[in-house]
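*Asks:* Take the sequence shown: its letters are residues 138 to 646, numbered as in the numbering used here.
Glycine residues also receive a C-beta, built at the ideal position from the N, C-alpha and C atoms.
In this text, all values refer to a predicted model and were calculated from it rather than measured experimentally.
Sharing a structure below in structure tokens format, with a few things to ask.
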Amino acid sequence: MAQRPVPLTPHWPGALSGALVLVLTFGTLAAVGWRAEWGGGLSPADWSAIRFTVTQALVSAALSVVFAIPVARALARRRFIGRNVLITLLGAPFLLPVIVAIFGLLAVFGRGGLVNDALTAVGLSPVSIYGFHGVVLAHVFFNLPLATRLVLQGWLSIPAERFRLAASLNAPVGRLLEWPMLRAVVPGVFLVIFLICLTSFAVALTLGGGPRATTVELAIYQALRFDFDLGRAALLACVQFGLCAVAATIAWRVTGKDTMGAGLDRIVQRWDSGPAVIDFLVISLATLFLIVPLAMILLKGLPGLADLPAGIWWAALRSIAVAVASALLCVVLALTLALWGGPVVAVVGVLPLAASGLVVGTGAFLLVFPFINPAKLALVVTALVNATLALPFVLRAIAPAVADVQADFGRLGAALGLRGWSWVRIVVLPRVRGPLGFGAGIAAALSMGDLGVIALFAGEAQETLPLAMFRLMGAFRMEAAAGAALVLVTLTFTIFWICDQGGRRDADL
138 MAQRPVPLTP HWPGALSGAL VLVLTFGTLA AVGWRAEWGG GLSPADWSAI
188 RFTVTQALVS AALSVVFAIP VARALARRRF IGRNVLITLL GAPFLLPVIV
238 AIFGLLAVFG RGGLVNDALT AVGLSPVSIY GFHGVVLAHV FFNLPLATRL
288 VLQGWLSIPA ERFRLAASLN APVGRLLEWP MLRAVVPGVF LVIFLICLTS
338 FAVALTLGGG PRATTVELAI YQALRFDFDL GRAALLACVQ FGLCAVAATI
388 AWRVTGKDTM GAGLDRIVQR WDSGPAVIDF LVISLATLFL IVPLAMILLK
438 GLPGLADLPA GIWWAALRSI AVAVASALLC VVLALTLALW GGPVVAVVGV
488 LPLAASGLVV GTGAFLLVFP FINPAKLALV VTALVNATLA LPFVLRAIAP
538 AVADVQADFG RLGAALGLRG WSWVRIVVLP RVRGPLGFGA GIAAALSMGD
588 LGVIALFAGE AQETLPLAMF RLMGAFRMEA AAGAALVLVT LTFTIFWICD
638 QGGRRDADL
């Protein structure tokens, strides 16, 4: 018997959304390639960028996972005041604008940062944050919390009954319970972070650069911004797409299945915890690594508010407008795709992870060039690109909730004659408000901190807050940049909180 006698929603909204995603990924890449004058293939500098990209992504993912395992293990074994708050704060770096986080890292590890001041005070030579190790440091800062949360979910998925049985038999928990869980979870976590590091742009733009520290995404930016070499940009985009596709395929193949079985959802009691001092030391070090850069943003940003130029506030308004438009479009795309369902939607939903935001933006400009001056559409194209790139994360938040509603109420809705917009308005939306609000918050926060397409084409009239902050840093106006960073992070978390809280409110729709 079919789960639903008749389709409750038409297929055309999902098909239209899928077509738009395909146009903004494959279509824009094809537009760049069509207008390009193809040369003789990849240059030695391009191969160097590919090697650097893969190497830094491998090292960043490996360090993030290696450091995350003891932190997640300590959090799984210990209960203390503020534990839930700390776990919640682990999600902050994911929402933090990249340029703001980099400013915080510079305040700690930069030329005039806390670490170099301490080294100089004891007569040691200062260290430089720029180059390979700086890119890796920034990626670990961003991805250590994500890896910790994902590995912690694996630990918490082990039923309490397994620990009770191991304790009664005096069996080694690490070998029999924890190691099989890590073997199933860690490869997928590693490859997800590797995929994120492959497509990093703002980190390489600010902390990399130079022939020895150029990523593929940064090489695409240089080819478009300085040389307007569409052929090289398109070729590098194809290389990056191929690397991401291979990484995504491997992640899908090696991700292990849950072999722990089901439990009775009892609170886990651990008899193998051992000395608490090591666990609390690990938790403290990880917390300091994450909190100190954020605290430096606050300490340096408050005095810098007085030095902000007047144009910052207009840039902030543009960022808010782009973020709201991007979030709305992303939620609509994700919801229509989730309602459509099926394996095709799953594939379309992950395509933006392998796309280059810079090439998507350039291709969009080339597509509209015959009809309108592309400079007038800088903010519109930025909103489109941001919505597309945030789609995988938002779809992951919304799709399971929509699938549950379809499974639980689909047959009843069909029997009552609820179809189309009536079905979505009366049944679906009230039950997925929470994931919708959370997904909208993620999309808006990611858009607020974006420094990608806008860096290619925006003039002063289209300048957003991250771009304004980047230009202040480039002009060595660090006090004003600190103030802009504080404004940006405040607006980012505020707009995320508004969306998330709005989704949690009960309402009759």
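Jot down the residue ranges of each uninterrupted beta strand (DSSP E) in the segment 537 to 592, minimum 3 residues, whole runs only, in chain order.
*Replies:* If we require 3 residues or more, the segment 537 to 592 turns out to have no beta strand (DSSP E) run fully inside it.
*Asks:* Which whole-angstrom value describes the C-beta separation of Ser337 and Val277, a residue pair presumed to lie in contact below a C-beta threshold of 8 Å?
*Replies:* Actually they do not touch by this definition, with Cβ atoms about 12 Å apart.
*Asks:* Residue ranges of each beta strand (DSSP E) run of no fewer than 3 residues wholly in the segment 152 to 219, ordered along the chain?
*Replies:* Those beta strand (DSSP E) runs which fall completely within the segment 152 to 219 and span 3+ residues do not exist here.
*Asks:* How many angstroms separate the CA atom of Arg403 from the CA atom of Leu293?
*Replies:* Here the model assigns Arg403 a pLDDT of 45, short of 50, so the residue's position is not dependable and the matter cannot be decided.
*Asks:* Output yes or no for whether 8 Å exceeds the beta carbon distance between Val624 and Ile579.
*Replies:* Cβ distance not < 8 Å, so Val624 and Ile579 don't count as in contact.
*Asks:* Taking 7 Å as the cut-off, is the CB of Ala520 close to at least one heavy atom of the ligand GDP?
*Replies:* Of ligands this structure carries none, so the ligand GDP is not represented either.
*Asks:* Can you tell me whether Gln193 is buried or exposed? The criterion is at least 16 other CB atoms within 10 Å of its CB, across all chains shown.
*Replies:* With 16 or more other Cβ atoms within 10 Å, it is buried.
*Asks:* Mapping the DSSP letters down to three states, classify Leu261 as helix, strand or coil.
*Replies:* Here Leu261 sits in coil by DSSP.
*Asks:* Can you tell which of Val288, Arg362 and Arg320 has the C-alpha that lies nearest to the C-alpha of Ile108?
*Replies:* In this structure the chain extends from 138 to 646, so residue 108 is not present and cannot be described.
*Asks:* Can you look up Phe508 in the DSSP assignment and give me helix, strand or coil?
*Replies:* Reduced to three states, the DSSP call for Phe508 is coil.
*Asks:* In three-state DSSP terms, what is Thr351?
*Replies:* The answer is coil: DSSP assigns Thr351 none of H, G, I, E or B.
*Asks:* Going by other Cβ atoms of all chains shown within 10 Å of its Cβ, with 16 needed for buried, is Val469 buried or exposed?
*Replies:* Under this definition Val469 is an exposed residue.
*Asks:* Cα separation between Leu602 and Leu474?
*Replies:* Straight-line Cα distance between these residues: approximately 31 Å.
*Asks:* Do Val376 and Val353 have their C-beta atoms closer together than 8 Å?
*Replies:* Yes, they are a contact pair.
*Asks:* Could you tell me whether the segment 230 to 240 touches the segment 207 to 222, where touching means 3 or more Cβ pairs closer than 8 Å?
*Replies:* Verdict: no, contact absent.
*Asks:* Does any residue of chain C bring its CB to less than 8 Å from the CB of Ala371?
*Replies:* The question asks about chain C, but that chain is absent: this structure has only one protein chain.
*Asks:* By Cβ distance, which residues of its chain are closer than 8 Å to Met606, with the 5 residues on each side in sequence left out?
*Replies:* Same-chain partners within the cutoff: Ile236, Val237, Phe240, Ala618, Ala621, Ala622 and Leu625.
*Asks:* Is the distance from the Cβ of Val542 to the Cβ of Val565 below 8 Å?
*Replies:* Closer than 8 Å, so yes.
*Asks:* How many angstroms separate the CA atom of Ile632 from the CA atom of Ala452?
*Replies:* About 16 Å.
*Asks:* If we ignore side chains and look at the alpha-carbon of each, how far apart do Arg215 and Val323 end up?
*Replies:* Roughly 21 Å between the two C-alpha positions.
*Asks:* Under a three-way DSSP split, which group does Tyr267 fall into?
*Replies:* Tyr267: coil per DSSP, three-state reduction.
*Asks:* With C-beta atoms as the reference, is Val158 less than 8 Å away from Leu573?
*Replies:* Contact flag unset, no.
*Asks:* Grab me the residues of His148's own chain with a C-beta within less than 7 Å of its C-beta, minus the 5 sequence neighbours each way, in chain order.
*Replies:* Once the five neighbours on either side are set aside, the close Cβ partners of His148 are Trp477.
*Asks:* Measure the alpha-carbon distance for Ala356 versus Arg362 and round it to whole angstroms.
*Replies:* Each residue's alpha carbon lies about 10 Å from the other.
*Asks:* Using the Cα positions of Thr629 and Gly441, report the straight-line distance between them to the nearest angstrom.
*Replies:* Thr629 and Gly441: Cα-Cα distance of roughly 18 Å.
*Asks:* Helix, strand or coil for Pro412, going by three-state DSSP, please let me know.
*Replies:* If DSSP states are grouped into helix, strand and coil, Pro412 belongs with coil.
*Asks:* CA-CA distance, Pro181 and Thr351?
*Replies:* So the two alpha carbons sit approximately 12 Å from each other.
*Asks:* Can you tell me the Cα-Cα spacing of Gly611 and Ile333, whole angstroms?
*Replies:* Roughly 26 Å separates the two Cα atoms.
*Asks:* Mapping DSSP to helix, strand and coil, what is Glu597?
*Replies:* Reduced to three states, the DSSP call for Glu597 is helix.
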